[in-house]
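One structure below.
Number of protein chains: 2
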Amino acid sequence: MSLKIYLAGPDVFRADAKELGEAKAKICAEYGFEGLFPLDANVDLSNLTPFESGLAIYGADIELMDRCDLIVANMTPFRGPGLDGGTAFEMGYMRAQGKPVWGYTLDARDYGERVEQPEPGWDVQKQHVEAFGMADNLMLVGSIAASGGELLREAGDPAEPQHHLNAFRKVIEKLAASQKG
Amino acid sequence: MSLKIYLAGPDVFRADAKELGEAKAKICAEYGFEGLFPLDANVDLSNLTPFESGLAIYGADIELMDRCDLIVANMTPFRGPGLDGGTAFEMGYMRAQGKPVWGYTLDARDYGERVEQPEPGWDVQKQHVEAFGMADNLMLVGSIAASGGELLREAGDPAEPQHHLNAFRKVIEKLAASQKG
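Chain order of the listed sequences is D and S.
Residue 185 is where the first sequence ends in our numbering, and the numbering goes up by one at each step.
Residue 185 is where the second sequence ends in our numbering, and the numbering goes up by one at each step.
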């Protein structure tokens, strides 16, 4: 049985979501893994209100996670200095099931370097900015470390699908190597 | 045994984090619940590097979640249109354990209303903006609905601790009522 990988990230919001997901799944296959991508198209949304549609997609994504053995998350900052909230939720969900959490980000900097700090250690709203040498909130980075996963940081342009695929391939390579140990 | 509530949110980054956490725990106590607040102060960080400190706090927060029966999350937008990523992680973690997820936000609007959309349905980076009539990403809102929790939306000023406490009290009131059913 090949390892099933849940492909998480705000990739689903891209115009090229389907192509990028399929390209990631293809890379997984090259290494003997099965990559599963949460595509809303798999859910029948006819006769549902928008809110009900959201709940149906939630249910489908949960089912998909329950079937997967581990998660590889695109943690590239999304509409702010931190990762997409849905992706963060999924990392927590998988971690609570004892599954390994891996990730990559196309912003190689520490989280704090992305937040304006008029006073060192404090943002414009006088909220503390974490300085743990981590790429994002400690719960996210902590879950990767605690689960034996790795977080690849590689500067790139999030708009370029190939930059995602280059980083993603490196993660899958490391994952494949870790399975041989 | 009183129900143990994990108090999640970016509250921990506030200058008044301790006071706000204690005030929330006090409200919990009024209703017969025990509110537990992830305060970094409980972790011995001496002789640790910043990165190791982050991991130690992660471990302490995980232990605290494992001890709690449900989560009440402050989902007020944090440094962007969506909630804090650490809080999103914790909602997923608790949900995977089958625990109820409740929340509040001091921004009553739908998520999409907080994102600039030069073209309706698409943000400035040409990424799709969800329109499910939800206050945040569907994984977050979905987890609350699926777990039988509630998300209270009440416009307020996130800088004002009393606005948090007013909304939080309403959530705890509803939670208490739901326990009587």
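From the three backbone atoms N, C-alpha and C, an ideal C-beta is built for every residue, glycine too.
Predicted model only: the values in this text are computed from it and were never measured.
Work out the CA separation of D/Phe41 and D/Arg173 for me, nearest whole Å. Taking the straight line from one Cα to the other gives about 16 Å.
So, is the C-beta of D/Met138 closer than 8 Å to a C-beta in chain S? yes
Per DSSP, what are the beta-bridge partners of D/Glu38 in this structure? D/Lys8
Examine chain S for any beta-carbon lying closer than 8 Å to the beta-carbon of D/Asp111, and answer yes or no. no
Skipping 5 residues on each side, what residues in its chain have a beta carbon closer than 8 Å to that of D/Tyr191? No answer is possible for residue 191 of chain D: it lies beyond the span of chain D, which begins at 5 and ends at 185.
Can you tell me the Cα-Cα spacing of D/Ala24 and S/Ala135, whole angstroms? Checking the sequence shown, residue 24 of chain D turns out to be Leu, not Ala. Whole-angstrom Cα-Cα distance: 22 Å.
Assigned secondary structure, S/Leu156 (DSSP; H/G/I helix, E/B strand, else coil): strand
Positions along the region 121–135 of chain D whose CB lies within less than 9 Å of some CB in chain S: Trp126, Asp127, Gln129, Lys130, Gln131, His132, Val133, Glu134, Ala135
Could you tell me which residues DSSP pairs with D/Ala77 in its beta bridges? D/Ala12, D/Gly107
Could you tell me which chain D residues have their CB closer than 9 Å to the CB of S/Gly39, listed as they occur along the chain? In chain order: nothing, as chain D lies at least about 19 Å away.
Hey, S/Gly39 and S/Lys28: beta-carbon distance below 8 Å or not? yes
Helix, strand or coil: how does DSSP classify S/Arg113 here? Three-state result, S/Arg113: coil.
Any residues in the region 13–27 of chain D with a beta carbon nearer than 9 Å to a beta carbon of chain S? Which ones, in chain order? Pro14, Val16, Phe17, Arg18, Ala19, Ala21
Counting only the same chain and skipping the five closest in sequence on each side, list residues whose C-beta sits under 7 Å from that of D/Asp20. Pro165
Could you name the residues of chain D that S/Ala163 contacts, counting a contact when the two beta carbons are closer than 9 Å? Gln129, Lys130
Under the DSSP definition of a beta bridge, which residues are partnered with D/His132? D/Trp126
Hey, is S/Phe172's beta-carbon within less than 8 Å of any beta-carbon in chain D? Taking 8 Å as the threshold, the shortest C-beta distance from S/Phe172 to chain D does not fall below it.
Please list, in chain order, all residues of the same chain as S/Gly116 whose beta carbon is under 6 Å from its beta carbon, the five residues on each side excluded. So the qualifying residues of the chain are Val133, Ala135.
Starting from S/Val145 and walking both ways along the alpha helix (DSSP H), at which residues does that stretch end? 142–150
Can you give the beta carbon distance from D/Met69 to D/Tyr97, rounded, assuming they're within the 8 Å contact cut? 6 Å
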